[in-house]
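For reference, the structure is listed below as structure tokens.
Below is the structure:
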């Protein structure tokens, strides 16, 4: 599954108005750890496509989204469930950390 690049309009339509579980990566081109995270994030998107949607926001192109989500450090991955921010990971974390958090929220949603 491809990671979708979001704009202000698509962020509102795809993430905030969605019932799906979303992982949204906040990044910038000048950020070395952000560039290092990209292949890992794309790998997660492929492996966990059955439980979550994956998107990304370039904070330089879309500062209003970053501001609305309280992003002060990047890279950051914010988890949204049913349009609400429910969790986040700031900095470059191990792949297992992202897997665990997404699987936990998917399991909780399935349990009802």
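In the UniProt record's numbering, the protein residues as written are 1 to 112. Glycine included, every Cβ here is placed at the ideal spot set by N, Cα and C.
When C-beta atoms of the stretch 27-40 are compared with those of the stretch 78-86, fewer than three pairs fall below 8 angstroms, so the two segments do not count as touching. Across the structure, residue 62 and residue 6 are spaced so that their CA atoms are roughly 8 angstroms apart.
Only exposed fits residue 47, as fewer than 16 other CB atoms lie within 10 angstroms of its CB. Distance from the Cα of residue 9 is smallest, within the candidate group 95, 57 and 100, for 57.
Within the UniProt domain "Thioredoxin" (1-107), the complete alpha helix (DSSP H) segments at least 4 residues long are 32-47 and 63-68, listed from N- to C-terminus. Inclusion of residue 53 and residue 20 in the CB contact set at 7 angstroms is warranted, their separation being smaller than that value. Minimum Cα-Cα distance from residue 28 among the listed residues 45, 18 and 71 corresponds to 71. Around the CB of residue 39, fewer than 16 other CB atoms lie within 10 Å, so the residue is classed as exposed.
Contact between residue 4 and residue 55 holds: their C-beta atoms lie close to 4 angstroms from each other, under 8 angstroms.
CA-CA distance, residue 41 to residue 104, rounds to 18 angstroms.
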